[in-house]
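In this note's numbering, the protein residues as written are 153 to 833.
Beta carbons are placed, not taken as given, at the ideal position from N, Cα and C, and that holds for glycine.
Note that the structure is a prediction, hence the values are computed from the model and not measured.
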Amino acid sequence: MKALTLAATTALGAALCSLAVTAQTQLHLMPQPQQVSLESGSLALDSTFVVDVPGKTSVRLTAAIDRAVRRIEMESGLRHAGPGVAAKTRLVVRAEHPAPSIQALDDDESYYLHVTAAGVEIDAATELGAMHGLETLIQLVQPGSNGYFIPAVTIHDAPRFRWRGLMIDCGRHFEPMAVIKRNLDGMAAMKLNVFHWHLTEDQGFRIESRVFPRLTGKGSDGDFYSQQDAKEIVAYARARGIRVVPEFEMPGHSTAWLFAYPSLNSGSGASGSTPEGIRREFNISTYAIDPTREATYAFIRRFLTEMAGIFPDAYVHIGGDETPAPDWKTNPRILAFMKAHQVKDNEALQAYFNTRVLRIVKGLHKHMMGWDEVLTPGLPKDVVVQSWRGEASLAKGAKLGYEGVLSAPYYLDGMKPAETHYLADPLPATSDLSADERKRILGGEVCMWGEHIQPRTIDSRIWPRTAAIAERFWSPENVRDVDDMYRRLEFASIELEGLGLTHLQFGDAGLRELAGTEKIDALRTVASVLEPVSFGERAHLQRTDQLTALDSFVDAVRPDPPSRHWFEAAVQRLTADPSGDAADRTALAAWFGKLRDAVPEARKQMDTSPRLKEVTARADQLAQLAAMGQEALQYLGTGEKVPADWKDKQAAAMEEMKKPSALVRFTILPGMANLVRAVPN
Ligand code: ACM
C-alpha cells in the first residue's frame with residue numbers, strides 16, 4: 153500500500169482523498185467530477201451485473217443501463233449475462249423523477265455514485281443525472297493484478313455549466329448518419345449535452361423540406377438528411393441525454409436557399425444577380441436573403457414551422473453571421489424600403505430581419521439563438537448570443553442582459569493544442585461580471601467547421617481535444633492542471649475509440665493508402681511529430697474549395713499528437729536538472745534515435761508514392777531535428793560548452809522549418825528551442 157495524491161483537484165475533493173490506496177488506484181475520470189472521495193477497498197469485477205432499478209424505470213434509462221453494463225463487461229472481459237452465468241455484481245440505479253419528453257436547459261444533471269466491495273449505487277434526481285453517473289462508472293473500471301475492479305469511491309457530481317455543446321458543420325461537407333451517431337456517443341461519454349447541428353450553408357442545404365423540396369433538390373448535390381434521418385438523430389441524441397439545436401443560416405450563408413428559390417434573393421428583381429449554383433468556394437458569400445419582402449417571412453415561417461415538427465428543442469439557431477449583403481446598399485427596391493422605414497444601414501436592416509424572424513420563432517414557442525453579429529442595438533433580450541469573434545462579446549452581451557454561449561476559443565479548425573482550448577474559460581476567475589450577469593453565461597460550444605473535413609478525418613479533428621474542452625464546461629473552474637489533463641486525456645481517447653470513433657485509427661488508414669502498403673512504421677514515426685496547419689493557412693496555401701480532395705498527408709495527421717506534450721514536459725524536467733535527470737535524458741536520446749532512424753525508410757516511400765512526395769522536405773528536416781536533439785543532449789550531459797555559433801545555427805534552422813511545407817507543421821519546435829537554449833555556452 154502506498155499513499156498517492158489523487159487526481160481530484162477540487163479543494164473538497166482533495167481533502168476527501170486522503171486515504172491510502174493501492175498504487176494502481178489513480179483515477180482517470182474525464183471530466184473531473186465535482187467531489188471525489190476514494191475509499192479503501194474495491195469492487196471486484198468477477199461476475200456480471202444484477203441490475204436493480206427501484207421505482208419506475210423508462211425505456212431510455214433501461215437502454216442506457218444496458219449499454220453501460222455491456223461496455224463494462226467488454227472493458228473487463230466479463231462473460232455477458234446469459235444462461236448459466238450467475239450475475240453477482242449489484243448495480244442499483246435510482247432516478248427520482250420521470251423525464252419530461254423534451255430535455256431542457258435547466259434539467260437537473262447531478263448524480264451521486266457510491267461504490268463499495270458489495271456493489272454500486274447511482275442516485276439522481278433525473279434520468280439525465282443517472283446517465284452521467286453511468287458514464288463515470290464506466291471510467292472507474294481499472295485493471296488490477298487479480299483482474300478488473302472498481303475502486304470504492306463516493307462521488308457527488310453536477311455540471312458547472314448548463315450548455316455544453318458541440319457544433320458540427322454538415323453544410324460545407326455532408327457527414328453520413330454513422331458519423332453523427334458515433335460523435336453523439338463520444339459527446340455522451342464526455343457529458344456534453346447539446347449537439348448544435350449546422351444544417352445549411354452556401355455549399356449545401358442538408359435537411360429535407362417537404363414544403364420547399366427544391367432546398368435539397370437543387371441545394372444539396374443529393375447529400376442531405378431526410379426528415380426521418382433527422383428524427384432518428386434527435387432520438388439517438390435524446391437517448392444519450394443530448395439536446396439537438398438545429399441551425400438554419402439566414403440571411404447570409406444562404407446561397408443554397410437562393411439557388412433553390414431565387415425569389416428570396418436580395419438581388420433578384422431589380423439589380424444584382426442570383427446564384428448559378430451552390431457555392432464551391434469557402435470565402436464569404438455576397439448573397440443574402442431579402443429582408444424587405446413580406447414573402448420572405450411567409451417562406452421562413454412555413455419552413456421553421458415544418459422544422460419545429462422535426463426538432464423539438466426549445467432553441468433554434470438562425471445563424472446571422474457574415475452578411476456583407478452588398479445588394480442591400482445598391483438594390484433600389486431595398487433602398488426605398490430602408491428609406492421608408494428609416495432603416496439607416498445594413499446592420500439596422502439585419503436587426504429588422506432578426507426581429508421579424510424572432511417573432512416567428514416565438515410564435516413556435518421557441519427561443520432564438522444567433523452568432524454574435526445579431527447583437528445589435530434593439531435586439532430583444534430573449535435572444536441567445538453565441539460568441540465566435542472573441543470573448544468580449546460574451547461579457548458585453550451578459551452586461552446588456554443577453555444570455556450567451558462561448559465558442560471563440562473552441563474553434564477546432566485552428567489546430568491548436570488541447571491545452572490552449574482547455575485553459576480558455578467561459579467565465580474566468582478574473583471576470584468582472586456581477587452575480588446576475590454570470591448567470592447569463594450558459595456555457596460553451598466547441599465548433600467543428602466543415603471546410604477541411606471528410607468522414608474519415610472528422611473524428612480526429614474533434615477528438616480527443618473536445619474531451620478536454622468538455623471538462624472545462626463540466627468541472628469546477630479550478631481544475632486546470634494541464635499535465636494531469638493530458639494524463640487523463642489518453643484514457644479518454646482510448647475510451648472514445650472503443651465507442652466507435654476513428655480519431656486514432658484514421659491516421660494509419662490514411663498513411664497506408666498514401667504509401668500503398670501496410671508497412672508504415674517509419675512513416676507513422678515521421679507523422680507523429682507533424683500536425684495540420686490551421687484552417688486559415690490551409691485555405692490560403694491550397695486555395696481549397698468544396699471540391700478539393702481531402703486525402704493528402706495533412707489529412708492523415710492529427711492536431712496536437714501526444715508526443716508534443718510529452719516532449720515539452722521531458723525537456724522541462726531535464727533542463728531543470730541536466731546532470732541528475734538520467735531517465736529523461738535516456739528516453740529523449742532513444743526517441744531522437746527513433747525519429748532519425750525512421751527517415752531513410754520513410755524517404756524511400758516518399759520517392760515512390762506520388763502523394764507522399766510533397767513530404768520529402770519535412771522528412772529531411774526531421775533528420776536535422778533529430779540530430780540537433782542528440783547533439784543538445786550530448787552537450788547537456790557532458791556540460792561541455794557548444795561552439796560559439798551553434799545555437800544561432802540551430803535557431804536559424806528551426807526558423808526555416810516554420811515555413812509552410814506539405815500543409816503540415818512540426819509540433820516539436822517549441823520543445824526543441826527550449827532544449828537548445830538550455831545547452832551551456
Ligand atoms: C462563424 O464562424 N462564421 C460563426
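Coil, strand or helix - residue i by DSSP
{"i": "S194", "result": "strand"}
{"i": "A910", "result": "Outside the shown range of the chain (153 to 833) lies residue 910, about which nothing can therefore be said."}
{"i": "A830", "result": "helix"}
{"i": "H604", "result": "coil"}
{"i": "N417", "result": "strand"}
{"i": "F434", "result": "coil"}
{"i": "T790", "result": "helix"}
{"i": "H692", "result": "helix"}
{"i": "A166", "result": "Its pLDDT being 38, under 50, A166 is placed unreliably in this model, and the coordinates cannot settle the point."}
{"i": "D442", "result": "coil"}
{"i": "H284", "result": "helix"}
{"i": "P203", "result": "As written in the sequence, residue 203 is Val, which differs from the Pro given in the question. The answer is strand: DSSP assigns V203 an E or B state."}
Close Cβ partners of residue i (< 6 Å) along its chain, the five nearest in sequence each way excluded
{"i": "T268", "result": "A304"}
{"i": "R829", "result": "none"}
{"i": "D594", "result": "Looking at the sequence shown, residue 594 is not Asp but Leu. So the list reads R314, W315, E555, V557, once near-sequence residues are dropped."}
{"i": "N826", "result": "V723"}
{"i": "H180", "result": "R640, F643"}
The alpha helix (DSSP H) enclosing residue i, as first and last residue numbers
{"i": "F625", "result": "617-626"}
{"i": "T268", "result": "Premise fails: T268 lies in the beta strand (DSSP E), 263-268, not in any alpha helix (DSSP H)."}
{"i": "R390", "result": "379-391"}
{"i": "A728", "result": "714-728"}
{"i": "W480", "result": "479-482"}
{"i": "A547", "result": "544-552"}
{"i": "H180", "result": "No alpha helix (DSSP H) contains H180, which DSSP labels as neither H nor E."}
{"i": "W409", "result": "407-412"}
{"i": "Y449", "result": "446-460"}
{"i": "F463", "result": "Premise fails: F463 is in no alpha helix (DSSP H) and is neither H nor E."}
{"i": "H573", "result": "570-575"}
{"i": "F744", "result": "734-760"}
Close Cβ partners of residue i (< 7 Å) along its chain, the five nearest in sequence each way excluded
{"i": "F455", "result": "S361, V363, F364"}
{"i": "E273", "result": "V244, H266"}
{"i": "Q176", "result": "Residue confidence for Q176 is low, a pLDDT of 49 falling below 50, so the modelled location carries little weight; the figure read from the coordinates is stated next. For Q176, where only same-chain residues beyond five positions count, the Cβ hits under 7 Å are Q294, G296."}
{"i": "A422", "result": "Confidence in A422 is poor, its pLDDT being 44 and thus under 50, which makes the residue's placement unreliable; the coordinate value appears in the next sentence. Here the set comprises N483, P484, R485."}
{"i": "L821", "result": "M806, M809, K810"}
{"i": "H679", "result": "In the sequence as presented, His is not what sits at residue 679; that position holds Ala. Around A679: G659, L663, A708, V709."}
Best match in the options for proximity to residue i [C-alpha to C-alpha]
{"i": "G650", "options": "R223, Q186, D204, Q187", "result": "R223"}
{"i": "I307", "options": "Y264, P328, F301", "result": "Y264"}
{"i": "E720", "options": "V706, R748, V681", "result": "V681"}
{"i": "L685", "options": "V203, D611, V709", "result": "The identity of residue 685 in the sequence shown is Val, whereas the question assumes Leu. Among V203, D611, V709, the Cα nearest to that of V685 is on V709."}
{"i": "L115", "options": "R763, L777, G732", "result": "This structure leaves residue 115 out entirely; the chain is present only between 153 and 833."}
{"i": "R716", "options": "D337, A644, L702, F818", "result": "F818"}
{"i": "S704", "options": "F744, S813, D797", "result": "S813"}
{"i": "I646", "options": "L663, E629, A619, P464", "result": "A619"}
{"i": "V331", "options": "H655, F301, L788, E261", "result": "H655"}
{"i": "D275", "options": "K343, Y638, H249, Y562", "result": "H249"}
Opening and closing residue of the beta strand (DSSP E) in which residue i lies
{"i": "W349", "result": "346-350"}
{"i": "R640", "result": "Run containing R640: none in the beta strand (DSSP E); it sits in the alpha helix (DSSP H), 634-650."}
{"i": "V245", "result": "241-247"}
{"i": "W523", "result": "519-523"}
{"i": "G556", "result": "556-558"}
{"i": "S539", "result": "535-539"}
{"i": "H493", "result": "H493 -> no beta strand (DSSP E), and no H or E assigned at all."}
{"i": "M468", "result": "Before going on, a small fix: residue 468 reads as Val here, not Met. Segment 467-469, the beta strand (DSSP E) holding V468."}
Bridge partners - residue i, DSSP secondary structure assignment
{"i": "D357", "result": "Per the sequence shown, the amino acid found at residue 357 is Phe instead of Asp. T352."}
{"i": "E683", "result": "R817"}
{"i": "L318", "result": "F347, V598"}
{"i": "R395", "result": "V346"}
{"i": "Y300", "result": "P295"}
{"i": "D373", "result": "Partner(s): none; D373 has no beta bridge."}
{"i": "T306", "result": "S189, H266"}
{"i": "I889", "result": "Within the shown structure, residues of the chain are numbered from 153 to 833, placing residue 889 beyond reach of any answer."}
{"i": "G271", "result": "R242, T268"}
{"i": "Y563", "result": "C599"}
Contact with chain B by residue i, beta-carbon distance below 7 Å
{"i": "K793", "result": "This model lacks chain B altogether; it includes just one protein chain."}
Neighbourhood of residue i by C-beta distance below 8 Å, restricted to the same chain and skipping five residues each side
{"i": "F434", "result": "R324, Q355, E603, A691, T696, D697, Q698"}
{"i": "G530", "result": "A503, T507"}
{"i": "G515", "result": "R453"}
{"i": "A391", "result": "R212, A215, A216"}
{"i": "Q606", "result": "H325, L702, D703, D707"}
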